[in-house]
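Under the working numbering, think of the first position of the sequence shown as 3, with each following residue one higher. Glycine included, each C-beta is placed from N, C-alpha and C at the ideal position. Written out below as structure tokens is the structure these notes cover.
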Amino acid sequence: MTLSRRRLLQWSAIAAGAAVVGTGTVAEAAEKEPDWAALRRRLHGALLQRNDTGYEEIRPPFNLLYDDRYPPAIARCVDTDDVRKCLDFAAENKVKFAARSGGHSYVAYSTPGNGLVADLKLMNRVEVRRNGAAVIGPGARLIDVYRALAAEGRALPGGTCGSVGIAGLALGGGIGVLMRKYGLTCDHLVGAKVVTPRDLRVHSVDPGSDLGWALTGGGGGNFGITTEFTFRTVPAPPRVTVFVVNFPEGSATDVYGAWQDWVTAAPREFWSNISVLGGPHPAAGVPGCLLGGEQQARQLIADLERRAGVKGSVSGFQETDYLGAMEFWSGSLGRRRFAAVSRVLAEKADPARLSALVTGDTTVALEVNPFDAAVSDVRPTETAFAHRGVFGDVQVYLSAGPDVDRESAKHEVNDVQTRLAEFATGGAYVNYLNDDQKDWATAYYGVNLPTLQAVAAKYDPSGVLAFEQGLSPCPG
């Protein structure tokens, strides 16, 4: 069996875009029901509760394995003042709190079932200034960001799932098809406006400050709620060639072994990842994105096939422009039922050992993204994203059918991750949150963990933003 282009793009899009903005606090529940009507009167935007028109339209998280989450109230914030009032209300009433941009948290931390959600989707302005800087609201979807930038001849490296919100993506790092050339989304952050629980002030920060630095990969919801981002952009590449190469059953070991040498030897203008599809004889799929023309792309494909000793089937091949490429990868991805976890590869993996992880399992796939080139030009402590100088990240992904329950799906991917961790020892990617991750703090943040914990304690000393895998001190 070979990977269909649609299925491969679904995995790639979810993997490269997943993110969470804010998460529910573990503060003790309020002793009495909060006065939601009072909050409703204070907000400029709407406050929706379970029986209100429009609530069910915006409630569900992206991952439908967590569709049992029904927040008692969702605030549709339209400005920074709404965000401040929501934070103040949560602190006063000791209710769980989450800020949500795209709602793509793998484990639905941005949709707590017993707290207040500050939904930021309406704060979606995208402004491209004359100097090329892009000022973007936290609720802007990636595909809308790319369209606005392309209209001005600019580009920003980012994820491939078009419905992901810019906030969660950038705050956790931000991997995507331009990262070997231009780095992560967080590497382009030059300024932000953040409302912090400590004083409910709006802080204008840059990466040179402690709070600004923490926003460059320190994870969503840990320090404050970001209400505006400013990114430096790059000229939009005029020619981009995209493709997917599907390799047959039984080829995964050979193709993966060839791929990891091939991709790191390729020019920085080229990006590729690889998906290994589980089964009795695992297959492989290799998408590619070249900032260049058709002829060079075909040469790259031929080189991979030569190295692997396997002929693939090419689909979706086209030479287009920047926006065309981002729309190609984005597809029309809706909500999904899935379980996924990750581990970071410090170095290249044994191909046979990697493919053995999913041999015989038709429900699980592995997706490997390289963290070389521009990603590793940055020192681990230069930004809050610590996974620099490593080979890449492996995501274990399970697409759950309607009869698969959440715990069964999680058990299966965690079992694969346990075996993967025997040789993938570099940690885990915070935008692929795993609520069963035992070593989560060290895994996500590595050498930067102590500094990030200090920043969180400084700006959220009372733990208003504290949650199960958060950095704020637990209240109490």
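Anticipated Cβ contact below 8 Å, residue i with residue j, distance rounded
| i | j | result |
| --- | --- | --- |
| Pro209 | Tyr184 | With 8 Å as the limit, Pro209 and Tyr184 do not qualify as a contact, their Cβ atoms being about 16 Å apart. |
| Thr187 | Leu171 | 6 Å |
| Ser206 | Pro284 | No, Ser206 and Pro284 are not in contact; Cβ-Cβ is about 50 Å, not under 8 Å. |
| Ala157 | Ala238 | 4 Å |
| Tyr431 | Asp395 | 5 Å |
| Val278 | Ala342 | Incorrect: roughly 14 Å between the Cβ atoms, too far for contact. |
| Gly174 | Gly105 | Incorrect: roughly 14 Å between the Cβ atoms, too far for contact. |
| Ala194 | Thr232 | 7 Å |
| Ala267 | Ala386 | That pair is no contact at about 30 Å. |
| Ala480 | Val457 | Past the boundaries of the shown model lies residue 480; the chain is included only from 3 to 478, so the question cannot be answered. |
| Phe245 | Ile177 | Phe245 to Ile177, Cβ: 19 Å. No contact. |
| Ala142 | Gly167 | 7 Å |
| Val346 | His413 | Not a contact, Cβ separation roughly 22 Å. |
| Val196 | Gly219 | Val196 to Gly219, Cβ: 15 Å. No contact. |
| Thr364 | Gly280 | 6 Å |
Exposure label - residue i; buried when at least 16 CB within 10 Å
| i | result |
| --- | --- |
| Cys476 | exposed |
| Ser344 | buried |
| Gln320 | exposed |
| Gln419 | buried |
| Glu58 | exposed |
| His46 | exposed |
| Val449 | exposed |
| Gly362 | exposed |
| Thr113 | buried |
| Ala31 | Annotation note: pLDDT 44 at Ala31 (below 50); position unreliable, coordinate value reported separately. With fewer than 16 Cβ atoms within 10 Å of its Cβ, Ala31 is classed as exposed. |
| Pro404 | exposed |
| Asn433 | buried |
| His224 | For the sequence presented, residue 224 should be read as Asn rather than His. Classification for Asn224: buried. |
Counterpart residues of residue i in DSSP-defined beta bridges
| i | result |
| --- | --- |
| Arg102 | Asp121 |
| Ala367 | Leu279, Tyr399 |
| Thr361 | Gly281 |
| Cys291 | Val244, Trp273 |
| Gly167 | Arg143 |
| His205 | Val196 |
| Ile138 | Val128, Phe231 |
| Gln320 | Val244 |
| Phe340 | Ser401 |
| Pro237 | Arg156 |
| Val346 | Asp395 |
| Ala268 | Bridge partners of Ala268: none, in fact. |
| Ala77 | Leu49, Ala120 |
| Asn65 | Arg338 |
| Phe249 | Ala286 |
| Pro372 | Gly394 |
| Ser315 | Asn248 |
| Leu191 | Phe233 |
Which listed residue (the options) has its alpha carbon closest to that of residue i
| i | options | result |
| --- | --- | --- |
| Cys291 | Val192, Val247, Arg149, Gly465 | Val247 |
| Val1 | Val370, Leu293, Gly167 | The chain is shown from 3 up to 478; residue 1 falls before or after that span and cannot be answered. |
| Leu368 | Arg132, Pro62, Leu422 | Leu422 |
| Asp437 | Phe469, Gln262, Asp37 | Phe469 |
| Arg339 | Gln471, Ala93, Val109, Phe99 | Val109 |
| Lys440 | Pro250, Ala327, Ser274, Gln471 | Gln471 |
| Val288 | Gln298, Gly314, Pro282 | Gly314 |
| Ser464 | Val312, Pro199, Tyr148 | Pro199 |
| Pro74 | Ser107, Asn224, Val97 | Val97 |
| Gly139 | Ser317, Thr113, Ile145, Thr229 | Thr229 |
| Val130 | Asp83, Gly155, Gly226 | Gly155 |
| Ala375 | Arg270, Ala40, Leu467 | Arg270 |
| Leu473 | Val377, Gln455, Ala310 | Gln455 |
| His190 | Val197, Leu180, Ser165 | Leu180 |
| Asp379 | Arg182, Pro452, Ser274 | Arg182 |
| Arg42 | Cys88, Val265, Gln298 | Cys88 |
| Arg149 | Arg308, Val128, Gly134, Asn133 | Val128 |
Residue i Cβ short of 7 Å to the ligand ADP heavy atom set
| i | result |
| --- | --- |
| Val137 | Judged by which ligands are present, the structure shown has none, so any question about the ligand ADP falls away. |
Alpha-carbon to alpha-carbon, residue j and residue i
| i | j | result |
| --- | --- | --- |
| Ile76 | Gly294 | 45 Å |
| Ala153 | Arg44 | 37 Å |
| Trp261 | Gln301 | 14 Å |
| Gly26 | Cys79 | Here the model assigns Gly26 a pLDDT of 46, short of 50, so the residue's position is not dependable, and the following value carries that caveat. Roughly 17 Å between the two C-alpha positions. |
| Ala254 | Leu325 | 31 Å |
| Asp462 | Arg86 | 14 Å |
| Ala411 | Leu400 | 7 Å |
| Asp70 | Ala100 | 16 Å |
| Asp407 | Gln51 | 27 Å |
| Phe393 | Ala348 | 5 Å |
| Glu94 | Trp442 | 29 Å |
| Leu263 | Gly333 | For clarity, residue 263 is Asp in the given sequence; the question names Leu instead. Each residue's Cα considered, the two are about 29 Å apart. |
| Pro63 | Ile145 | 19 Å |
| Thr372 | Pro250 | The displayed chain sequence assigns Pro, not Thr, to residue 372. Roughly 22 Å between the two C-alpha positions. |
| Phe91 | Ser165 | 29 Å |
| Val316 | Lys350 | 25 Å |
Below-8 Å beta-carbon distance, residue i vs any chain B residue
| i | result |
| --- | --- |
| Ala260 | Protein chain content of the structure displayed is limited to a single chain, and chain B is not contained in it. |
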